[in-house]
Every structure is written in structure tokens, then in C-alpha cells.
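Colleague:
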Amino acid sequence: MASLDIISWFWQNSFIVAVISILYVFLESWLRPGLRSIPGPWLAKFSNIWRFYDVAKGRPDITLYKLHEKHGDYVRLGPITVSVKNIEVLKTIYGINAGYGKAGSN
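Here the sequence shown stands for residues 0 to 105, where the numbers follow numbering that gives the first Met the number 0.
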């Protein structure tokens, strides 16, 4: 019977649970150490939705160029995505034996 009580509580409070879960995801993305200081579009701190819209418009390359003109060599494009314009830094990141991996790799 305890499991039925838990299920009943969840359904009664599902809206509150959903709001708390969404807030947690947004705050965790926004306050991620290291990325917090990188400038970019406001929505990029929380979601990639703005990028989907930008790609659907047909010219994401122009948007990226304008963002780098406005913000400099480093632009935050998503919750865990950064665009780097500095060639020397790109060589460090993507060079042989650089020690950096793709996001999510071990």
C-alpha cells in the first residue's frame, strides 16, 4: 500500500514536481562552473532552442560571425557548447595528444 501512496502523492503534486525539475535543469545549466563567464545569447545559457530556430532560418554562419564580432573569441552557444574563434586555442584543443575530448566522452 505504501507504493500506492507514493504514486497518489506524485499525481497530486505532478505540477510542482515538474516546475522544480525544470528550474533545477535551468539553474544547473546557467550556473555551470567555467561556462558562466562566457558571453553569448541569453537563451543559450539554458537551451539549444534558439540554435534550432537560427538554423531553420537558413544562415547560422552569419549569426555565428556576428556573435563573435560582438562577444569576442569565445561565445556560448548552448548550455554546454562554446564556439572558439582563436586559432591557437583551437590547435591546443583539437591537436594531437591535446588531452581534450568531446563532451560526454570519458
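All residues carry an ideal CB built from backbone N, CA and C; glycine is no exception.
If distances are taken between C-alpha atoms only, which option among K65, D4, K44, I48 comes closest to I79?
Modeller: Ranking K65, D4, K44, I48 by Cα distance to I79 puts K44 first.
Colleague: Report buried or exposed for N105, applying the criterion of at least 16 other Cβ atoms within 10 angstroms of its Cβ.
Modeller: Residue confidence for N105 is low, a pLDDT of 48 falling below 50, so the modelled location carries little weight; the figure read from the coordinates is stated next. Label assigned to N105: exposed.
Colleague: Pick out whichever of H67, V16, L76 has its Cα sitting closest to the Cα of N85.
Modeller: The candidate whose alpha carbon is nearest that of N85 is H67.
Colleague: From I37 to S7, what distance separates their C-alpha atoms?
Modeller: C-alpha separation (whole angstroms): 43 Å.
Colleague: How big is the Cα-Cα spacing for W29 and I15?
Modeller: The straight-line gap from Cα to Cα measures roughly 21 Å.
Colleague: For V82, which beta-bridge partners are listed by DSSP?
Modeller: Here the sequence assigns Ser to residue 82, which means Val is not the residue at that position. Bridge partners of S82: V74.
Colleague: DSSP three-state call for S46: helix, strand or coil?
Modeller: Three-state DSSP puts S46 in coil, outside helix and strand.
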